[in-house]
Structures are given as C-alpha cells and as structure tokens.
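As they're listed, the protein sequences go chains H and V.
The first sequence begins at 1 in this note's numbering and counts up by one.
The second sequence begins at 1 in this note's numbering and counts up by one.
Have a look at the structure below before the remarks.
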Amino acid sequence: MTAATYTSAAPKAPRRHAFSRFCRAYAKRPAGLAGLGLLIAFGALALAAPLFIGDDQLNVIKVDGPQLSPPVDGYPLGTDQAGRSILLLVIWGARESLSIGLIATALTVVLGSAVGLLAGHYQGWVGKILMHVTDWFIALPSLPLAISLSAVLGQGAASITIAIAVTSWTATARLVRAQTLAVEARPFIERAKVLGAGNTQIMIRHVLPNVMPLILVSSTLTVASAILSEATLTFLGLGDPTSVTWGSMLEAAFLGGAVTAGAWWYLMPPGIAILIVVLGFTLVGRAVEHVLNPRMVVGR
Amino acid sequence: MGTGNSRRGLAALAVCALSLSPVAGAAAFAAPAAASAASAPQETTLRVKMSGSGVDTLNPFLAFFDGAYDIFAGIYPTLNSLDEYGKPGPYLAESWTQSEDKLTWTFTLRDGLKWSDGTPITADDAAWTLNLIMTDAVAGTANGSLVSNFESVSAPDPTTLVVTTKEPQANVTYVSIPRSGIPIVPKHIWESRAKDLKDVKNDTFPIVGHGPWTLTDYKPEQYAKFDANKDFILGKPGFDHMIQQSFKSVDAAVAALRSGQLDYINGVNATQFTALQADKSLLTVQEVGNGWTGLEINHNARTRTGKKIGTGHPALGDPVLRHAIALATDRKTLVDKVINGLGVVGSGYLPPAWPQWSWKPAAGEETPFDLAQANKVLDDAGYTKGADGVRVDPKSGKPLELRLGIHSDDAIDAGISNYLKGWLETVGIKLEIQTLSMSALNSDLAKGDWDLLMDGWTTGPDPTFLLGIQTCAALPKDDGTAGNTDSFFCDKAYDELFTKQLTTFDQDERAKLVGEMQSILYKADVNQMHFYANTLDVARTDTVTGLITGKPDAQGMYPAQSYSFWGYLKATPATAKTAATSAKEEGGGSLVWIGGAVLLLALVGGVIVLKRRSGADDRE
Numbered sequence: 001m002t003a004a005t006y007t008s009a010a011p012k013a014p015r016r017h018a019f020s021r022f023c024r025a026y027a028k029r030p031a032g033l034a035g036l037g038l039l040i041a042f043g044a045l046a047l048a049a050p051l052f053i054g055d056d057q058l059n060v061i062k063v064d065g066p067q068l069s070p071p072v073d074g075y076p077l078g079t080d081q082a083g084r085s086i087l088l089l090v091i092w093g094a095r096e097s098l099s100i101g102l103i104a105t106a107l108t109v110v111l112g113s114a115v116g117l118l119a120g121h122y123q124g125w126v127g128k129i130l131m132h133v134t135d136w137f138i139a140l141p142s143l144p145l146a147i148s149l150s151a152v153l154g155q156g157a158a159s160i161t162i163a164i165a166v167t168s169w170t171a172t173a174r175l176v177r178a179q180t181l182a183v184e185a186r187p188f189i190e191r192a193k194v195l196g197a198g199n200t201q202i203m204i205r206h207v208l209p210n211v212m213p214l215i216l217v218s219s220t221l222t223v224a225s226a227i228l229s230e231a232t233l234t235f236l237g238l239g240d241p242t243s244v245t246w247g248s249m250l251e252a253a254f255l256g257g258a259v260t261a262g263a264w265w266y267l268m269p270p271g272i273a274i275l276i277v278v279l280g281f282t283l284v285g286r287a288v289e290h291v292l293n294p295r296m297v298v299g300r
Numbered sequence: 001m002g003t004g005n006s007r008r009g010l011a012a013l014a015v016c017a018l019s020l021s022p023v024a025g026a027a028a029f030a031a032p033a034a035a036s037a038a039s040a041p042q043e044t045t046l047r048v049k050m051s052g053s054g055v056d057t058l059n060p061f062l063a064f065f066d067g068a069y070d071i072f073a074g075i076y077p078t079l080n081s082l083d084e085y086g087k088p089g090p091y092l093a094e095s096w097t098q099s100e101d102k103l104t105w106t107f108t109l110r111d112g113l114k115w116s117d118g119t120p121i122t123a124d125d126a127a128w129t130l131n132l133i134m135t136d137a138v139a140g141t142a143n144g145s146l147v148s149n150f151e152s153v154s155a156p157d158p159t160t161l162v163v164t165t166k167e168p169q170a171n172v173t174y175v176s177i178p179r180s181g182i183p184i185v186p187k188h189i190w191e192s193r194a195k196d197l198k199d200v201k202n203d204t205f206p207i208v209g210h211g212p213w214t215l216t217d218y219k220p221e222q223y224a225k226f227d228a229n230k231d232f233i234l235g236k237p238g239f240d241h242m243i244q245q246s247f248k249s250v251d252a253a254v255a256a257l258r259s260g261q262l263d264y265i266n267g268v269n270a271t272q273f274t275a276l277q278a279d280k281s282l283l284t285v286q287e288v289g290n291g292w293t294g295l296e297i298n299h300n301a302r303t304r305t306g307k308k309i310g311t312g313h314p315a316l317g318d319p320v321l322r323h324a325i326a327l328a329t330d331r332k333t334l335v336d337k338v339i340n341g342l343g344v345v346g347s348g349y350l351p352p353a354w355p356q357w358s359w360k361p362a363a364g365e366e367t368p369f370d371l372a373q374a375n376k377v378l379d380d381a382g383y384t385k386g387a388d389g390v391r392v393d394p395k396s397g398k399p400l401e402l403r404l405g406i407h408s409d410d411a412i413d414a415g416i417s418n419y420l421k422g423w424l425e426t427v428g429i430k431l432e433i434q435t436l437s438m439s440a441l442n443s444d445l446a447k448g449d450w451d452l453l454m455d456g457w458t459t460g461p462d463p464t465f466l467l468g469i470q471t472c473a474a475l476p477k478d479d480g481t482a483g484n485t486d487s488f489f490c491d492k493a494y495d496e497l498f499t500k501q502l503t504t505f506d507q508d509e510r511a512k513l514v515g516e517m518q519s520i521l522y523k524a525d526v527n528q529m530h531f532y533a534n535t536l537d538v539a540r541t542d543t544v545t546g547l548i549t550g551k552p553d554a555q556g557m558y559p560a561q562s563y564s565f566w567g568y569l570k571a572t573p574a575t576a577k578t579a580a581t582s583a584k585e586e587g588g589g590s591l592v593w594i595g596g597a598v599l600l601l602a603l604v605g606g607v608i609v610l611k612r613r614s615g616a617d618d619r620e
C-alpha cells in the first residue's frame, strides 16, 4: 500500500522535508495555485482594509456619496442607498465573512475530529453513542437547524458562527472516524500497544498525525461551505443588520428594491466576491486533496 | 472523498436555486392565472397585491393587521361609508339624525339588503355587533376604544338603530366605516361563536357577509379570492372576481406587475417607485402619507394597576434621556436617505393625509437635530461616559446599552436602525439591533420586553383609534391580556383631552384638542415620529382603470386612497386588446430572462460535470 509507505516515512524524515515535498507537488497544480492566489489576494485585502477604509466611509451618518448610483468617478463599483462605496463595502465585508467562515471551520474541525477520533478509537459503547449522535445530526436538515439555532442564540456573528459549526461538524466526524479505523488496523499501532502505549498516546501521537492530512483537506472544503452558509444566514436576516458582510449587503440590496431598480452594481459585487472566495477554497482543497491522497495521484 | 463531493454538489444546487428563485416563483404564479383565464374567457379578475403585513386573523374582533382590514373592507358592511374627501356617507345607514342633547343618534338603515346567504340584514345585526364589542372584553380587543363612550345600542325595529352615548360624541358616524372602523357581522352566524370568540378563526368559505365582494377562499400567506357582489348597493364592482395575492417580497410583486400577472400594488418602496416611474406601461401615483414611521420607547411598562412588567431599561423612564434620543435623530436625513425624499419629516402623531388633525410644534418648540445639545443634556443629567464610551445610568448603574427591535424584511426599519445606531453612538448610547418578525415584535411589545422599537401605524380620517392606543385604558391587565397599548403611554391630561375631543362637535375646536394631545405626546418623547412616508402605488395601465380616485394637488400628490373599498370597487378592466399585445411584449422580455437562466444553469451544470469527470479520471 502506497499510503503505508507515506505514513511510515513521515515520522522518520524531518517534517521540513515532507513539507517541501508537499509544496513542490502542490506547485505542479495550476488550479490549486490559482485558488491560493485568489485567497491570498482576498486575505491581504481583508487584513489591510483598516489601513485605507475608515469609519468615515462606512458609517451611514458620515458618508456623503450619491445614493444608489451606478459606477462613477470615485465610486468604481457605485454606491448603496446610503451613499457608501460598494467597493469599500465589499472589501470590508470580506473581514467578517472570512473570519466567520474560518472560525466556524476551526470549531467544526475541532469538534468533528474529536468526535471522530474518539468514536474510532473506542469502538465500544462510547463509539456507538457518538456515532448515533452524529447520525442524528446528519438527519437534521441543516438550514432550518441553523436558522433556529441563531434565532435562539440571538443575532450576530457569534451565534451564526456557532450555528454553522453545530450543523457542519458531522461530515468531518464521519471522515475522521473512518480514517481512524483504517489507521488503527495497521501493524505499527499494534506495536505501540505492545510497547505499552496508552489510549491517549495512541490517539494523539500515532493516529492523529496520520489523520491530519485528511482533516486539512476536509477543512479547506468546509471553509467554502461555511462562507456560503454565513452568507445564506445573514441574507435571511439573522445577522446584525448594522454590520457589513457580503450576506448582509445582499440582504440590504434585496430588501431595498435593488432588483427592481436594476442596481446590478449593488447585487453583483458581494455575490461575485462570495463566488471567488468559495471557488478559491474549493480549488485549494482539491489541490491539497490530490497532493496528499496518493490514490488520486496519476503517473508518479 | 464522497462527503466532500456531495456537499459541494449541494452548494452548487443552492446557488442555482437562489439565482433562479424569482423566475420560478413568477412561473408558478402565472400558471393558475392562465388556467382561470382559459376556462372562463369573459370573466374578469382584478389581481392585486395583498398588504405586506399579511392577515393575522379573519376574525374581525381580533384582527390588527392591514391585510385583514383590507379584506374586511370588502366583505363586511359598515354603518357609514367615507367619500373621497373623508366625509361620512351612507352605506347600511341611509340617513342619521342626532338628538338635541347630542347624546342619541338614530340611524335609518336600508330595507331589503341581504347577507350573502340570503338572510336579511337588519338593525339587530348592527346592534348585536356593537353591543358585543361594548360588553365583551375579547370582542373589544381590536375596536373596543371606538365604542368606549357608548351607553347603549338598540334596534327598536329592523330599519332603525339607536345609539346612546355617555357623553356627547362627535365621531359616531366614523365608528363603523370601511377598513378603519367596526365591521358589522351577521348575528345569526356569530351568536353561537360569541362564547369562545378568542378561538374563532372564521374560516368557513364563502364567508357570510355583505359588501362589494364575497370572500370565497383564503390560504394564509398565499391568497384571498373574492367574487363580486353584483347587487352591491353603492355600485357594482367593475370586475367579476378579485384575487389578493400575498408576496413575500415586493420585488417579486413588481416583477409580476411588469409581466402582466398583477394589476395593482399599493405600497412599493421608494427605490422601486423611482425605477418604475420610467416604465410607460405603468401608472405611478404618490398619495399623501396616511401613517407614520417612528421610534417607540419603553418608559417603564406598566399594567392598568401600575404593576411593572417586562424587561425595559430602567433609565428610559427618564424624560431627559428620551429627549436626548430625539435630539440625536436627524429626521430630515432619514427622509432624504431612507425613503429617497418621498415623504414628510415627522413631528405630530397624526399623519398629513388628514390635514384637519395634522399638528406641528410651534416655532421654537420643535426638537432640533443637535448632537452637541444631546451630549450636553446627558452630561448635565449625570449620565457619565464609561471607559468604552458608553454612558452609565446614575440611578441603576446600568450602562446605556439598549435593544432596538426592528421588523425583519423591512428595508426602512433596517435603514433607520443604521442611522440611529450611528447618531446614538456619538452621544454615548449603544444600540443592539434585534431583527424580529412582526408577530415576535408585537408579542414582545405587549409583554414590555423591549427598550426601543421601530413602529408604524396608518389611520383613517377619524383619529380616535390611533389616539386611543396611547390612553391608560389601552394598558394591559395584570395578567397581560386585553391591552392594545402601543407604547405603554399613560397620561392623565392626555386621557382627559381624549374624552373631551370625543364629545366636541365643532371641528375646529376638536382639532385644537387633538393638537394639544399631540403636543403632550411630542413632549413626552415616548413616540418619536420620524417621517410620514408617501404611499407609493403602481398600477398597470393596460388592464385596469379607475382604481385611483381623487385628484392630485399642485405637487402631484393624490389624497389618501380608500383603495381596499372604493379603489377595488370602482376599478374596471381596460380594453382587452391592449392587454394582450403588451402581455406578448412582456413575454418576450421574460423569455430573454428565462433563456439567460437556462444558459447559466447549463454553464454551471457543465462545469460541475466536467469537474466531476476529471476527478473520476484522476481516481482511476
């Protein structure tokens, strides 16, 4: 099994080596590089936004642009009803959209991996209960669950983050459990057990590093869907209407009659921004998947 | 990576569904309309948009929502009608007289009118309805305040109704008018329901009533269907049927209007109106605003006995703080930015549609927009700023962090909340915006579980009801029931004026009293009027005429429309030929859209398929 050579090679070779090999393999995938480029560009814009966007351009009581104007001088993507520049709003919106997406993913991954690892390792009643809980969550329709969760928790970024995490950890849990089962069946785990390794040591030192690549891949893909979910939930009005995110921009445009007014400059940019970022994460995720999963590598 | 793939597939589907949903919705709506047109080609149907508030209940004793009032105006009779100028006219009552002491009103009712099931309409029906509202607390939920001054109502014979009032009352002829007044219900249907009125849904169709229309079907959040009453005494409706269609978004309704699937929309938003003005096939009309949009402040909610209820911020009981909020609100900017200038800056409690009651603060007494002054009054009152810039209430020690409840799906509320948050932040008050559904917001309101709320009310020509929801009598009982208060306002002087204006027959004298009441409300800063938005109507010119009544003034503003009564009654079909040709034109336009959508779908689908295929190749 090629996977076995890869996994048993990892502990022997220095990590740096493995990483540079990963980078070289990744660099051969143009789609992955393009996705990475998109993400770096958006990430840099989002991080640098406070340097060139101030309260004066975002606070409705301070702006003085034309109202709902198509692109004109000084407003390359037009303005919203309050006279704010759509371009600046989209850039600013990246901050909250990305951070909710990333934090929700981190929560998802931590929760999902923990459940998956425990369920895979303790295959007795602990594993059964955990898997039944997971199945139960899978059976629940995620959008209504997320909506009711954020309604119960109150509005705002925190509740949306939690709602996304609670509804999307199940896939990671199943995935990690399956991989844990596969890893634990390998001889080196048996060797570790014979040498006296405890449950914790097996899970943290032996299984987790071998499951990590899979978690990495799954999380990159989770970010994409988390960002979509964030946009969906804020579009449905579950976010804070005064904070700027892509979803809330779409909501404001939609409710304010931008569709009837034909104000494409108000509807398109946040939509395209969501598209690009989701595409970026998906491309990166797939590239990482190809690099890390030897069964998907062709012609090596 | 099975899970990963299927999740992405779902996401792609969701994106498609999102981009296609308006088209799909329009198509679904087109189907039944086309079917009904085919089966009965000579029958005409007026298709209008149901009020955005929807219908809370079809029980006329309990309903509060505009959508319900619109329906009642068409299907239940009233004693009086209102003419175009807001003056009472005949309906069930042919004529009416007043006794010398002004305490007794005698209405002569028309003979020979019948309920839709054939039972004659008599004065007894009217007497029974009014008596029930006067004596039963549940029956008085919606309209109790209108008859609070009635001593007795009796029907000595089938065509005579005698109303005796406790004190002389000026507006008796406004008590039972279409839409904003009390609808008269058939006694033989409702007598058995009176016991459990609270649970009566009134949803057996066709509903027994009398009016220009009969309600034949109603599906919550979908539609209400009507048949015309060809024998209607005030004129035969111009259409054979009417459908009031519920739309979740006005944009969808506008799309339906543009493509010829809808004839009339009452109340588009300012952005939509501006865009539609350019469309030659549409008639765009501005009515003088008949309602206000404003902020309500929970200044320590109490029940009738004075028991504190709810979770309002204690500091809001302080008039200084409320005044500071008023000082920090720039109403002019709200009109300009939130409703594109299509409205009037707010001050008095009654809207400009009824100029006889309209009140403005005297020069020098109006609250200006002055952030510095707002900061100063708060500083002087001891609200010191904490480290985070938020002021602290000196009495309770609580920071001034206030909840602002706004209606979900309401762009005006969302717009205003952004500005309020900005202005109040500069004076050291932090707002937390809570988006609530209409029913959640109203339930919070009734329980006193709120700090600030965005609210709006419309009113007919008689201001009694709107003034009545600010009286002490409108406060809830200790068990939380029977209240219809709007802001837990309760003021002795105001209540005295309320009773006095009811008994004042001289119009100018009454207007003065009503003005004084508005002055009390204005100074209390509990109900802060932001603006009176013009009502913006759009109608197709090729399918309907005569819907808009009255003449525009010099600024092109029409008087407030009694659209759900006179408008729908007087509307007649425009010539059929033009309708067909324009439908064809519009059809061409929508074909382009559908074509575009199909192309988009094909593109997205193609990409997904290709992507999957390449993935599969990789796997092998």
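Every residue, glycine too, gets a C-beta built ideally from N, C-alpha and C.
Being a predicted model, the structure only gives us computed values, none of them experimental.
Give me the residue from the options with the minimum Cα distance to residue i.
| i | options | result |
| --- | --- | --- |
| D537(V) | D479(V), V162(V) and Q272(V) | Q272(V) |
| A362(V) | T575(V), W115(V), K523(V) and S192(V) | K523(V) |
| N59(V) | F72(V), T541(V), R47(V) and M50(V) | F72(V) |
| L103(V) | D444(V), G54(V) and V162(V) | V162(V) |
| P50(H) | M131(H), A27(H) and R95(H) | R95(H) |
| Y494(V) | N484(V), T303(V), A473(V) and F505(V) | A473(V) |
| A255(V) | A252(H), A261(H) and A106(H) | A261(H) |
| T282(H) | C23(H), I61(H) and L36(H) | L36(H) |
| I243(V) | L262(V), D251(V) and V250(V) | L262(V) |
| E43(V) | H241(V), G448(V), A142(V) and G52(V) | H241(V) |
| D627(V) | G260(V), F565(V) and T572(V) | The requested residue 627(V) does not occur in the structure, where chain V is confined to residues 1 to 620. |
| N266(V) | L521(V), T549(V), M50(V) and V200(V) | M50(V) |
Name, please, each residue of chain H whose Cβ falls closer than 8 Å to the Cβ of residue i.
| i | result |
| --- | --- |
| G621(V) | Any question about residue 621(V) goes unanswered here, given that chain V covers just 1 to 620. |
| S53(V) | Ordered by position in chain H, no residue passes the 8 Å Cβ test against S53(V), which lies about 15 Å from the chain. |
| G483(V) | Neighbours of G483(V) on chain H: none; closest Cβ ~26 Å, over 8 Å. |
Using a beta-carbon distance below 7 Å, is residue i in contact with chain V?
| i | result |
| --- | --- |
| V60(H) | yes |
| P241(H) | yes |
| L181(H) | no |
| T134(H) | no |
| T34(H) | One detail in the question is off: residue 34(H) reads as Ala in this sequence, not Thr. Output row for A34(H): interface = no. |
| G54(H) | no |
| T260(H) | yes |
| G237(H) | yes |
Any Cβ of chain H within less than 7 Å of the Cβ of residue i?
| i | result |
| --- | --- |
| S246(V) | no |
| A24(V) | Unreliable positioning characterises A24(V) in this predicted model, as indicated by a pLDDT of 39, which lies under 50. A coordinate reading is not provided. |
| G587(V) | Its pLDDT being 45, under 50, G587(V) is placed unreliably in this model, and the value from its coordinates should be taken loosely. Not closer than 7 Å to any Cβ of chain H, the Cβ of G587(V) fails to qualify, so no. |
| A324(V) | no |
Beta carbon of residue i, beta carbon of residue j: below 7 Å?
| i | j | result |
| --- | --- | --- |
| V284(H) | T220(H) | yes |
| N300(V) | G317(V) | yes |
| L452(V) | L402(V) | yes |
| L77(H) | I91(H) | no |
| I103(H) | T161(H) | yes |
| D413(V) | M454(V) | yes |
Using a cut-off of 8 Å between C-beta atoms, extract the partners of residue i located in chain V.
| i | result |
| --- | --- |
| L255(H) | S249, D409, D410, A411 and A414 |
For a contact meaning CB atoms closer than 9 Å, what does residue i contact in chain H?
| i | result |
| --- | --- |
| S396(V) | The contacting residues do not exist; S396(V) stays about 22 Å from chain H at best. |
| S417(V) | P241 and T242 |
With 7 Å as the threshold, decide whether the Cβ of residue i is near any Cβ in chain B.
| i | result |
| --- | --- |
| A82(H) | Among the protein chains of the structure shown, namely H and V, there is no chain B. |
List, in chain order, every chain V residue whose beta-carbon is nearer than 7 Å to that of residue i.
| i | result |
| --- | --- |
| Q155(H) | Q434 and T435 |
Exercise for review: Flag this pair as touching only if the region 221-231 of chain V and the region 158-168 of chain V have three or more C-beta atom pairs under 8 Å; answer yes or no.
Suggested key: no
Review point. Are there three or more Cβ pairs, one per stretch, closer than 8 Å when the region 336-350 of chain V is compared with the region 524-532 of chain V?
Key: yes
Check your understanding: If you pair each beta-carbon of the region 225-233 of chain H with each one of the region 100-117 of chain H, do three or more pairs fall below 8 Å?
Key -> yes
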